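Beneath this line is the structure, given in structure tokens, with notes to follow.
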Amino acid sequence: MNTQESKHSDDIKYANGTRYEAVVPDTLDLAYRAELAMHGIAGTTDPDNDYLMWFVLNWHCNPPHMRHSGGADVECTPKFYDALTMLRQICGSRDYIDTEQGMEKTLLSFLNKDDGLYDSKYSPEQRPWHMEYYPGVKTKPEDYAILVTSGIMLLALMMRDELDLTSCEDQIKALVSGMEKAVITKDDYAYFPEGGGGHPFAFPRSTGWGSTVEAESEHEGGEESVVFYQGYQMRGLAMWAARSGDKQALELAGKLARYVMKSKFWGNSADPSHIVGSEQGHVDSHFHARGGALRGLLEYGIVANDTRACDFVRSSYEYMRTYGISRIGFMPCLAAGGRDKHEWMEGCMLGDLLALTVKMSRAGIGDYWDDADRIIRNQLVEAQFTRSDLLDMVSQHADKSEPEGYPNQICTENVHERMLGTFASLLMPTSVSGFVMQCCTGNATRGLAYAWDGILNGCGDEVQVNLLLNRASAWLDIDSYLPYEGKVVLHNKTAWQISVRIPAWVNRKELQAQVNGTGCDLSWTGAYLTFSDMKPGDTLQLDFPVTEETV
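Oh and the sequence shown: position 388 is 387 in numbering that gives the first Met the number 0, straight run, nothing missing.
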């Protein structure tokens, strides 16, 4: 177990903490899943290609193979970088340091020396596939400045700088400055345009923005989304403003927020005529793209105390959860391309949903802990690949077909074992697609971190348990026997007051609590049970019936 203190070693600050052995239930452990996710990230990163990811994992094929995908590799690897930082803090693993350092060296080298923005580098000798990603889209043979990935890098570097893992305040300030120079400002709002340079919401270095025309609707660009391509930048700027006091960064985040909330990007023609869905964040397309924008709006709304932005996010989320089967956390993605892509849930969305539910709940915008629990147990962990024998079984029954591509673009070496810990891209309640787009692994692994972090809040001698999942912490350890048994045991370390949120499905009349084996009265505050005058070494046990339900 690891209670999250840290020290330096080999230029990486490990989450080292107090380590000890304990007998715990053999139930869902997000720290173990985080360690497995690190294995998947490292196993599908290519050290011979500047530590960039293999973007496509065709695990169902015979032979199974991984494929580089040009712009997608370059633009999504920062998600892996960000995820490794988070996952290492959860599980304390010291594995894959070389991969993390190699990745960091590459990504920092992609930051443009003139304006600080993140570039998709043109390297025809090493990566002749270059921008291969969107079929039929013509791009130029040169470097592109990628604004959305600049936002991802801003977030990743802020976390590493704050944890004292990498000294990168200069790069952070340069990214913020670069965004301020690249943005198009009108009246009281601002936006990053599609650009007209072939690659969506990016510009060729030789010419700058080919077009700065404002979008007319949400359904523009390669992903048929406009608001997504503002979200990461908005979130990064707001977080930087909160950390540094940079008023100009917060002002720009606000201008992006006003653009993103424009009514032309929202609404659903299926709404009744008396419902103004565009004012409430109703959607008709690509839920993950919307989720990325909502996360930016939420961060800005909390930092700036903008109640309009926060309420917009809440309303939009609640509208999206009416799709699919919310009681098992399943939500279709309505992705670009339509047809069956409307029916699947997208792996990328897992990270969005957990970030939104945890952050809104903590901010008091709503109580979405039950939603988070359903998503974690029924979708997130079910989407993670954990058994190579099952992958082998599928691929062995496929027709043999040798993959084609440029030299070094494809890898068939030990694919199934290497990809364990990655996440499926397209999910149905009982099945997944036969390939992985690694943007989904990059988002879902960070979803693991949001879920783990949301399990409890601790401050001083008070701790609040939000999710009944296994967790070690400096305040207390949680042993959860769910879903096999309605029993949760909390081993107190330092807390004087412990509050435990009881899920809505638990019958309160049949719930019992005992401290050190002695039954006690229940004191409720909303959905939370509160226990005071707790002492180090005390054991708090909750027992309740578990009912089975068929969906």
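Glycine included, every Cβ here is placed at the ideal spot set by N, Cα and C.
Quantities reported herein were computed from a predicted structural model and do not represent experimental measurements.
Beta-carbon contacts of residue i that lie in its chain and below 6 Å, excluding the five residues immediately before and after
{"i": "M359", "result": "G365 and Y367"}
{"i": "S314", "result": "Q279 and G280"}
{"i": "N111", "result": "D118"}
{"i": "L236", "result": "A248, L251 and A252"}
{"i": "C410", "result": "M65"}
{"i": "Y318", "result": "H281"}
Within-8 Å CB hit, residue i to chain C
{"i": "C438", "result": "Absence of chain C from the displayed structure is noted, only one protein chain being present."}
Neighbourhood of residue i by C-beta, 7 Å cutoff - its chain only, sequence neighbours within 5 removed
{"i": "H7", "result": "Low confidence applies to H7: its pLDDT is 31, below 50, so where it sits in the model is not reliable, and the reading given next is rough at best. Cβ within range, chain order: n/a, list empty."}
{"i": "V225", "result": "A214, E217, E219 and F264"}
{"i": "N267", "result": "G276, H281, V282 and D283"}
{"i": "R294", "result": "G230, R234, D351, A354 and L355"}
{"i": "T148", "result": "E74, P77 and Y117"}
Per-residue burial, residue i [other beta carbons within 10 Å of its own, 16 or more giving buried]
{"i": "A21", "result": "exposed"}
{"i": "W523", "result": "exposed"}
{"i": "S284", "result": "buried"}
{"i": "D369", "result": "buried"}
{"i": "D10", "result": "Any reading at D10 needs caution, since the residue's pLDDT is 42, under 50, leaving its predicted position unreliable; the model's value is listed next. Result: exposed."}
{"i": "E403", "result": "exposed"}
{"i": "W504", "result": "exposed"}
{"i": "S531", "result": "exposed"}
{"i": "V212", "result": "exposed"}
{"i": "G207", "result": "exposed"}
Beta-carbon proximity check, residue i vs residue j, cutoff 8 Å
{"i": "L107", "j": "Q170", "result": "yes"}
{"i": "C75", "j": "C309", "result": "no"}
{"i": "L447", "j": "L164", "result": "no"}
{"i": "P203", "j": "G220", "result": "no"}
{"i": "L86", "j": "T444", "result": "yes"}
{"i": "N48", "j": "R126", "result": "yes"}
{"i": "D553", "j": "L51", "result": "No statement about residue 553 is possible, as the shown extent of the chain runs from 0 to 550 and does not include it."}
{"i": "K486", "j": "Q540", "result": "yes"}
{"i": "T421", "j": "V431", "result": "no"}
{"i": "G346", "j": "S394", "result": "no"}
{"i": "V550", "j": "I274", "result": "no"}
{"i": "A382", "j": "L353", "result": "no"}
{"i": "V499", "j": "V464", "result": "yes"}
{"i": "W343", "j": "M427", "result": "yes"}
{"i": "S400", "j": "C60", "result": "yes"}
{"i": "T440", "j": "G39", "result": "yes"}
Per-residue DSSP class, three states only, for residue i
{"i": "K246", "result": "helix"}
{"i": "Q378", "result": "helix"}
{"i": "D476", "result": "strand"}
{"i": "K358", "result": "helix"}
{"i": "N442", "result": "helix"}
{"i": "T148", "result": "helix"}
{"i": "L468", "result": "coil"}
{"i": "E222", "result": "coil"}
{"i": "P24", "result": "coil"}
{"i": "V487", "result": "strand"}
{"i": "H7", "result": "Below a pLDDT of 50, predicted positions are generally treated as unreliable, and H7, at 31, falls in that range; the measurement from the model is reported next regardless. Residue state, collapsed to three classes: strand."}
Chain-order list of residues whose beta-carbon lies under 8 Å from that of residue i (same chain, five-residue window excluded)
{"i": "K137", "result": "G197"}
{"i": "A494", "result": "G457, D460, E461, V462, W474, L475 and M533"}
{"i": "G518", "result": "Q511 and A512"}
{"i": "P140", "result": "Y121, P123 and H129"}
{"i": "T385", "result": "L35, L419 and G420"}
{"i": "Y188", "result": "K254, L255, R257, Y258 and K261"}
Go through the stretch 68-121 residue by residue and report every complete run of the alpha helix (DSSP H) that reaches 4 residues or more, in order. Segments of the alpha helix (DSSP H) lying fully in the stretch 68-121: 70-90 and 96-108.
List in chain order: all unbroken beta strand (DSSP E) runs of 3+ residues lying wholly within the stretch 293-320. Secondary structure remark: continuous beta strand (DSSP E) runs of at least 3 residues inside the stretch 293-320: none found.
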